[in-house]
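Peer 1: One structure is given below, represented as structure tokens, and several questions about it will come after.
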Amino acid sequence: MTCMPDEDVEFHDAIKEVFRRYPEAQGKYALSSLALENQMKIDFSEKVGVSRIEGDSIVTEFKERKSVVRARICLKWNFDYTECLHWEELLE
1 MTCMPDEDVE
11 FHDAIKEVFR
21 RYPEAQGKYA
31 LSSLALENQM
41 KIDFSEKVGV
51 SRIEGDSIVT
61 EFKERKSVVR
71 ARICLKWNFD
81 YTECLHWEEL
91 LE
């Protein structure tokens with residue numbers, strides 16, 4: 001059973017309209033909640049999510065922002081694209 005968000009309805013409707021206007025983006029992007037990160041009390045000014053693929057799993061660890069220096073690509077930006085919240089480690 002699918003559960004649609006019942007809060008921030010106007011926001012979600014606006015996002016749906018953007019995806020309708022740009023259908024080519026539908027397979028490339030998705031709206032992501034920070035609910036789990038908020039439960040973990042992740043401070044994104046100090047930490048950043050770094051993910052890697054292991055078999056059929058995506059493993060994310062939150063590391064000190066200063067310590068992440070490997071080759072990477074940003075997966076999740078904050079709302080105005082001024083700070084990356086979540087990186088993917090690239091193969092070395």
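Going by this note's numbering, the residue at position 18 of the sequence shown is 18; the numbering climbs one at a time, nothing skipped. Glycine residues also receive a C-beta, built at the ideal position from the N, C-alpha and C atoms.
Taking contact to mean at least 3 C-beta pairs separated by less than 8 Å, is the stretch 75-86 in contact with the stretch 17-24?
Peer 2: Segments in contact, no.
Peer 1: In terms of residue numbering, what span does the alpha helix (DSSP H) encompassing R20 cover?
Peer 2: Residue numbering aside, residue 20 sits at position 20 when the sequence shown is read from its first letter. Per DSSP, R20 belongs to the alpha helix (DSSP H) from V9 to R21.
Peer 1: Which one of D43, V50 and Y29 has the shortest CA to CA distance from F35?
Peer 2: Residue 35 sits at position 35 when you count from the first residue of the sequence shown. Sequence inspection shows Ala at residue 35; the Phe mentioned does not correspond to that position. Comparing Cα-Cα distances from A35 to each of D43, V50 and Y29, the minimum goes to D43.
Peer 1: Evaluate the contact criterion for the stretch 6-19 versus the stretch 52-68: three or more CB pairs, one atom per stretch, below 8 Å.
Peer 2: No, because fewer than three Cβ pairs between the stretch 6-19 and the stretch 52-68 fall closer than 8 Å, the two stretches do not touch.
Peer 1: Alpha carbon to alpha carbon, how far is K41 from H86? Give it in angstroms, no decimals.
Peer 2: Here the question's residue 86 lines up with position 86 in the sequence shown. Here the question's residue 41 lines up with position 41 in the sequence shown. Each residue's alpha carbon lies about 15 Å from the other.
Peer 1: If C146 and V48 are in contact, beta carbons under 8 Å, what's the gap, nearest whole angstrom?
Peer 2: Coverage of the chain is limited to positions 1 through 92, which leaves residue 146 absent and any answer about it impossible.
Peer 1: With a CB to CB cut of under 6 Å and the five nearest residues on each side skipped, what residues in its chain are close to M1?
Peer 2: Residue 1 sits at position 1 when you count from the first residue of the sequence shown. Residue confidence for M1 is low, a pLDDT of 41 falling below 50, so the modelled location carries little weight and cannot support an answer.
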